[in-house]
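Below: one structure, written as structure tokens.
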């Protein structure tokens, strides 16, 4: 056997022994893992601290994929990330041997609207393949087609077989892990006459809504701008209602303000909110709702403002935005 063939065999043997290969990118990548039973059997308790509390959850990382033992553990991670979002996620990407889609895209200097998944919290728990494991099942998001693939184990995920396909509008977590009563109620959803609702049996859930990014340019701070948006985003395994304002400058010459008031209702309950953020930071986000279940109703009264303090007198820009999804 010649030396080139021996080298190829050795490389292949090393690959098999390692159990897989990972290519990390904010673009299309492939993840291969030889573990057929899922990752959650070796989960560890992780403690995440915010200014107000310590959040404990069970999860692990393997081959650059987060694996949460239960849906509740996944929800706890979302809760933590939402609470530290305005602190640039408090080093989340350095806490584990894990490169999230958000961290990968940030390293490529991509703005959030340029990312495959245009939400920083969700992009923090999925890997560079938009994959995540929850309660033993692997979920892969396909942002271009707005679909979610669900694999029962790593054997199916590795071979890309036996996947169940959902859309971003579907209640994927309820479909996969919900009780029989929840699934029966989901199957009986009826259409609604409201323009903001979906059709085809999903009429009682609010549809995705996004005003897009609107820009103000600073008159006196040359080259600087601020952007703001309001969105109700659905991603199959994560739904959020949010306002965001951000700026190009990190300096103190431009001050930002965002405010949200309103209410929401989902399957399990309802809530009201009245939140306000202001300062000289790069970005401010208010998320009055986030979770695995979609909203049935919501009403939002939002307000944005940019002040360029370099100008004399100061440049003031402000805008309000109201929207509701009601039966």
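Numbering (the numbering used here), first residue to last: 20 to 346.
Idealized CB from N, CA, C, for every residue including glycine.
Item to complete: Could you check what DSSP says for residue 54 in three-state terms: helix, strand or coil?
Response: Here residue 54 scores only 41 on pLDDT, less than 50, and its place in the model should not be relied on; the value that follows carries that caveat. The answer is coil: DSSP assigns residue 54 none of H, G, I, E or B.
Worksheet item: So who's on the other strand from residue 121, going by DSSP bridges?
Response: Looking at the DSSP assignment, residue 121 forms no beta bridge with any residue, so it has no partner.
Discussion item. Just to confirm before moving on: does the CB-CB distance between residue 329 and residue 252 stay below 9 Å?
Written reply: no
Item to complete: Could you tell me which of 325, 290, 336 and 335 sits nearest to residue 317, measuring between CA atoms?
Response: 290
Worksheet item: With burial defined as no fewer than 16 other Cβ atoms inside 10 Å of the residue's Cβ, what is the status of residue 147: buried or exposed?
Response: buried
Practice prompt. Report buried or exposed for residue 303, applying the criterion of at least 16 other Cβ atoms within 10 angstroms of its Cβ.
Written response: buried
Discussion item. Please state whether the Cβ-Cβ distance between residue 321 and residue 280 is less than 9 Å.
Written reply: yes
Worksheet entry | Close Cβ partners of residue 30 (< 8 Å) along its chain, the five nearest in sequence each way excluded | Note that residue 30 scores a pLDDT of 37, beneath 50, so its modelled location is shaky; the value from the coordinates is reported in the next line. Once the five neighbours on either side are set aside, residue 30 has no close Cβ partner at all.
Discussion item. Quick check on residue 104: buried or exposed, where buried means 16 or more other Cβ atoms within 10 Å of its Cβ?
Written reply: buried
Worksheet item: In chain order, what residues of the same chain lie with their CB nearer than 6 Å to the CB of residue 200, ignoring the 5 residues before and after it?
Response: none
Fill in: residue 235, buried or exposed, once every other Cβ within 10 Å from all chains shown has been counted against 16
buried
Worksheet item: Helix, strand or coil: how does DSSP classify residue 99 here?
Response: helix
Worksheet item: At which residues does the beta strand (DSSP E) containing residue 317 begin and terminate?
Response: 316-327
Discussion item. For residue 308 and residue 225, what's the separation of their Cα atoms in angstroms?
Written reply: 13 Å
Worksheet item: Once you ignore the five residues that flank residue 121 on each side, which residues in its own chain have a CB closer than 6 Å to its CB?
Response: 139, 142 and 143
Worksheet item: Taking all protein chains shown into account, do 16 or more other C-beta atoms lie within 10 angstroms of the C-beta of residue 75, making it buried, or fewer, making it exposed?
Response: exposed
Worksheet entry | N- and C-terminal bounds of the beta strand (DSSP E) containing residue 244 | 244-253
Worksheet item: Looking only at its own chain, which residues have a Cβ that is under 6 Å from the Cβ of residue 337, when we skip the five neighbours before and after it?
Response: 324
Item to complete: May I ask you to report which of helix, strand or coil DSSP gives residue 164?
Response: coil
Practice prompt. Provide the residue span of the beta strand (DSSP E) that contains residue 296, from first to last.
Written response: 289-298
Discussion item. Measuring straight from C-alpha to C-alpha, what distance separates residue 278 and residue 299?
Written reply: 15 Å
Practice prompt. Would you mind stating whether residue 192 and residue 256 have Cβ atoms separated by less than 9 Å?
Written response: yes
Worksheet entry | Neighbourhood of residue 112 by C-beta distance below 8 Å, restricted to the same chain and skipping five residues each side | 118, 119, 121, 122 and 143
Practice prompt. Would you mind sorting residue 333 into buried or exposed? The rule is 16 or more other CB atoms within 10 Å of its CB.
Written response: exposed
Worksheet item: Taking Cβ positions, are residue 94 and residue 310 nearer each other than 9 Å?
Response: yes
Discussion item. Does residue 243 pass the burial test, meaning 16 or more other C-beta atoms within 10 Å, or should it be called exposed?
Written reply: buried
Worksheet item: So what does DSSP say about residue 111, is it helix, strand or coil?
Response: helix
Item to complete: May I ask you to report which of helix, strand or coil DSSP gives residue 93?
Response: helix
Worksheet item: When DSSP builds the beta bridges, which residues end up paired with residue 309?
Response: 259
Discussion item. Please tell me whether residue 196 and residue 254 are closer than 9 Å, where the distance is taken between their beta carbons.
Written reply: no
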